[in-house]
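S.K.: The structure follows.
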Amino acid sequence: MRNPGPRTTVSLPAFCEGRMAASPLRLGPEKLFEMPAVLGRLSRYQSTSQAFAEVLRLPKQQLRKLLYPLQEVERYLVPDGRQDLHLRIFNPSLEDIARAESVFKATERNRIDYVSSAIRKDHAPDLPRPEVCFIGRSNVGKSSLIKALFSLAPEVEVRISKTPGHTKKMNFFKVGKHFTVVDMPGYGYRAPEDFADMVETYLKERSNLRRTFLLVDSVVGIQKTDNIAIEMCEEFALPYVIVLTKIDKSSKGHLLKQVLEIQKYVNTKTQGCFPQLFAVR
């Protein structure tokens, strides 16, 4: 039976955290920009991040495009009003984003640190917190995404490279008392020789793994190696989410084509995939 997944809006950090932001405002993006009072309610959050405050000062069109990159193609995702297509695009409220951002802001009470690396599950640190992991093809943008999530904790070093296969180990990062983020080696081109033993064992046996984020390149879409990874998540009955990366490198038409293909794929070939699609540039 399909896991129905969450139907309310949520930002990526909040989804990592494994809970919904309990915002009293459940407004779609088309309403947010019609109600100046919404921005006023964010004043208590703006002090947590100067960067977020600067984003809110962007012109409306630029702000909308930045926060809701798939809004222009969303109306094409459920042709003829069909309700049996379960893929959803997250449209978090500004309050959701502000709340979620605070999870990744390093403070004395919210320590964000690199913990350790491991090449085998039995070498992985014994951490009591829930874990979320990021997997995907080599050079799909896993480390870049994690580095972006940790942008408010600049002392945390996340190594990225233009060379595929740069990540050779499982890297563990503590996010306060909330959860642990795990950066997995990429599969496919230049994957570590012991990739199968390392990653499959972790996914199958790691008891505190709560969510898997499977990254797909928007330029090329779901590849054969992605199919294998998805089948692995399905076989192990893992709750997982598809993240569409590099959307700034795809035209609107090409991006729509990829999103529609993923929509069909999720509805016909998956059971454990959550219906919300995340898009990052």
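The sequence shown lines up with residues 7 to 287 when you count with the working numbering. For each residue, glycine too, the CB sits at the ideal point set by N, CA and C. Here the structure is a predicted model, which means the values were calculated and not measured.
Using 10 angstroms around the beta-carbon of residue 284, count the other beta-carbons present and answer buried if the total reaches 16, otherwise exposed.
M.R.: Walking along the sequence shown from the start, residue 284 turns up at place 278. Classification for residue 284: buried.
S.K.: Can you check the segment 100-150 for any alpha helix (DSSP H) of at least 4 residues that lies completely inside it and give the ranges in chain order?
M.R.: 100-109, all fully within the segment 100-150.
S.K.: For residue 189, which residues does DSSP report across the bridge?
M.R.: The sequence position of residue 189 within the sequence shown is 183, counting from 1. Looking at the DSSP assignment, residue 189 forms a beta bridge with 140 and 177.
S.K.: Answer with buried or exposed for residue 126, where buried requires no fewer than 16 other C-beta atoms within 10 angstroms of its C-beta.
M.R.: Numbered from 1 along the sequence shown, position 120 holds the residue referred to as residue 126. Answer is exposed; the Cβ neighbour count stays below 16.
S.K.: Sorted by chain position, which residues of the same chain lie with C-beta nearer than 6 angstroms to residue 116's C-beta, five sequence neighbours on each side aside?
M.R.: Against the sequence shown, residue 116 aligns to sequence position 110. Around residue 116: 182.
S.K.: Quick check on residue 272: buried or exposed, where buried means 16 or more other Cβ atoms within 10 Å of its Cβ?
M.R.: By one-based count along the sequence shown, residue 272 stands at place 266. Its Cβ being crowded by 16 or more others within 10 Å, residue 272 is buried.
S.K.: Just to confirm, are residue 218 and residue 244 a CB contact at a threshold of 8 angstroms?
M.R.: Taking the first residue of the sequence shown as position 1, residue 218 is located at position 212. Taking the first residue of the sequence shown as position 1, residue 244 is located at position 238. Result yes, Cβ atoms of residue 218 and residue 244 sit closer than 8 angstroms.
S.K.: What does the alpha-carbon distance come out to for the pair residue 255 and residue 287?
M.R.: Translated into positions along the sequence shown, residue 255 becomes position 249. Translated into positions along the sequence shown, residue 287 becomes position 281. Going by the C-alpha atoms only, they are around 8 angstroms apart.
S.K.: Return yes when the Cβ of residue 194 is within less than 8 angstroms of the Cβ of residue 143, no when it is not.
M.R.: Here residue 143 is taken as the residue at index 137 of the sequence shown, counted from 1. Here residue 194 is taken as the residue at index 188 of the sequence shown, counted from 1. For residue 143 and residue 194, yes; Cβs fall inside 8 angstroms.
S.K.: Give me the DSSP bridge partner(s) of residue 217.
M.R.: The residue labelled residue 217 in the question sits at position 211 within the sequence shown. According to DSSP, which records beta bridges pairwise, residue 217 is partnered with 138.
S.K.: Restricting to Cα atoms, I'd like to know which of 59, 118 and 179 is closest to residue 100.
M.R.: The sequence position of residue 100 within the sequence shown is 94, counting from 1. Answer by Cα proximity: 59.
S.K.: With residue 179 and residue 246 assumed to form a contact (beta carbons below 8 angstroms), what rounded beta-carbon distance in angstroms separates them?
M.R.: As a working note, residue 179 is residue 173 in the sequence shown. As a working note, residue 246 is residue 240 in the sequence shown. The pair is not a contact, with the Cβ atoms about 19 angstroms apart (cut-off 8 angstroms).
S.K.: Return the bridge partner residues of residue 207 from the DSSP annotation.
M.R.: Numbered from its first residue, the sequence shown carries residue 207 at position 201. None; residue 207 has no bridge partner.
S.K.: In this structure, does DSSP put residue 266 in helix, strand or coil?
M.R.: Mapped onto the sequence shown, residue 266 falls at position 260. It is helical.
S.K.: Secondary structure at residue 285, three-state DSSP: helix, strand or coil?
M.R.: Position 279 of the sequence shown, counted from the first residue, corresponds to residue 285. Note: residue 285 maps to strand in three-state DSSP.
S.K.: Determine whether the beta carbon atoms of residue 204 and residue 188 lie at a separation below 8 angstroms.
M.R.: Locating residue 204 in the sequence shown gives position 198, where the first residue counts as 1. Locating residue 188 in the sequence shown gives position 182, where the first residue counts as 1. For residue 204 and residue 188, no; Cβs fall outside 8 angstroms.
S.K.: Would you please state the rounded distance, in angstroms, between the beta carbons of residue 253 and residue 261? I believe it to be under 8 angstroms.
M.R.: Looking up residue 253 in the sequence shown gives position 247. Looking up residue 261 in the sequence shown gives position 255. Sure, about 6 angstroms apart at Cβ, within 8 angstroms.
S.K.: Rounded to whole angstroms, what is the Cα-Cα separation between residue 43 and residue 158?
M.R.: Numbered from its first residue, the sequence shown carries residue 43 at position 37. Numbered from its first residue, the sequence shown carries residue 158 at position 152. With a pLDDT of 48 at residue 43, under the threshold of 50, the modelled position of this residue cannot be trusted, and the question is left open.
S.K.: Using three-state DSSP, classify residue 61 as helix, strand or coil.
M.R.: Position 55 of the sequence shown, counted from the first residue, corresponds to residue 61. If DSSP states are grouped into helix, strand and coil, residue 61 belongs with the helices.
S.K.: Which term fits residue 202, buried or exposed, when burial requires 16 or more other beta carbons within 10 angstroms of its beta carbon?
M.R.: The count along the sequence shown starts at 1 and reaches residue 202 at position 196. Classification of residue 202: exposed, given that the 10 Å Cβ count is below 16.
S.K.: Would residue 113 pass as an interface residue toward chain D - the criterion being a Cβ-Cβ separation below 8 angstroms?
M.R.: Going by chain labels, chain D is absent from the structure shown, which holds only one protein chain.
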